[in-house]
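Written below as C-alpha cells is the structure these notes are about.
Spelled out as C-alpha cells, the structure:
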C-alpha cells in the first residue's frame, strides 16, 4: 500500500459511494421484480400492458447495470488500501461477484426482450415466461451473493478506515 496524505478521507468517500450505489441497486432490483410481477399478471391482458411492464423491467435493468459499474469501480479503487492477502481477496471477490451479476443482467435484458416479442403468441409466451422466471430466480440468487460480499467488503473498509483514523496504517 502506498503512503497517502489523507487515507481516511479517501476511505470515507469509498464507503459512502459503495453504500449509496448498493442502496440504489437494491431499489432498482425491487423495481425490476415489481415490473416482472406486473408482466406475469398482465400476460393475459393487452399487449400494451405487457409492453409497459416490460419497459419498466428494462429500465430497472439498465439502472442496475450502470450501478454495477460504480460498485466495481469503487471496489477496484479500494484495492489500493488493502493491507494483507485476506483483504485483497475480499475486494476481488466483490469485483468477481459484480461482474457475475452484470452477466446475469445482460441475460435478463435479452429474456425480457424475448418475452416482449413472444407475448403476442400464446405458445411462445408460455415458453418465454418460463425462461424468464428461471433467469429471474438465478439473478435473485446472484444478487443475494452480491449483498453478502458487499456487506463483507464494507465491514473490511470500515475496519481499514478505523485503522487510518487511529494512524495505524502501514
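Numbering (my numbering), first residue to last: 277 to 446.
We put the CB at the ideal spot given by N, CA and C, even for glycine.
key: Exposure label - residue 345; buried when at least 16 CB within 10 Å   = exposed
task = Give the secondary structure of residue 445 by DSSP, where H, G and I count as helix, E and B as strand, and everything else as coil.
result = coil
inquiry  = Using 8 Å as the cut-off, can you tell me whether the segment 364–372 makes contact with the segment 424–434, which would need three or more C-beta pairs spanning the two stretches below that distance?
reply    = yes
Alpha-carbon to alpha-carbon, residue 304 and residue 340 = 6 Å
task = Taking all protein chains shown into account, decide if residue 398 is buried (16 or more other Cβ within 10 angstroms of its Cβ) or exposed.
result = exposed
inquiry  = Could you compute how far the alpha carbon of residue 373 sits from the alpha carbon of residue 421?
reply    = 7 Å
message = Considering only the alpha carbon of each residue, which of 352, 389, 357 and 290 lies closest to residue 375?
response = 352
Contacts around residue 430, its chain only, beta-carbon distance under 7 Å, and the 5 residues preceding and following it disregarded = 291, 294 and 295
CA nearest to the CA of residue 389, picked from 433, 432 and 329 = 329
key: Secondary structure of residue 360, DSSP reduced to three states   = coil
key: As assigned by DSSP and simplified to three states, the class of residue 314   = helix
message = Within 10 Å of its beta-carbon, does residue 230 have 16 or more other beta-carbons around it, so buried, or fewer, so exposed?
response = Since the first residue shown for the chain is 277 and the last is 446, residue 230 is missing from the structure and cannot be characterised.
inquiry  = Distance check for residue 417 and residue 348, CA to CA, integer angstroms please.
reply    = 19 Å
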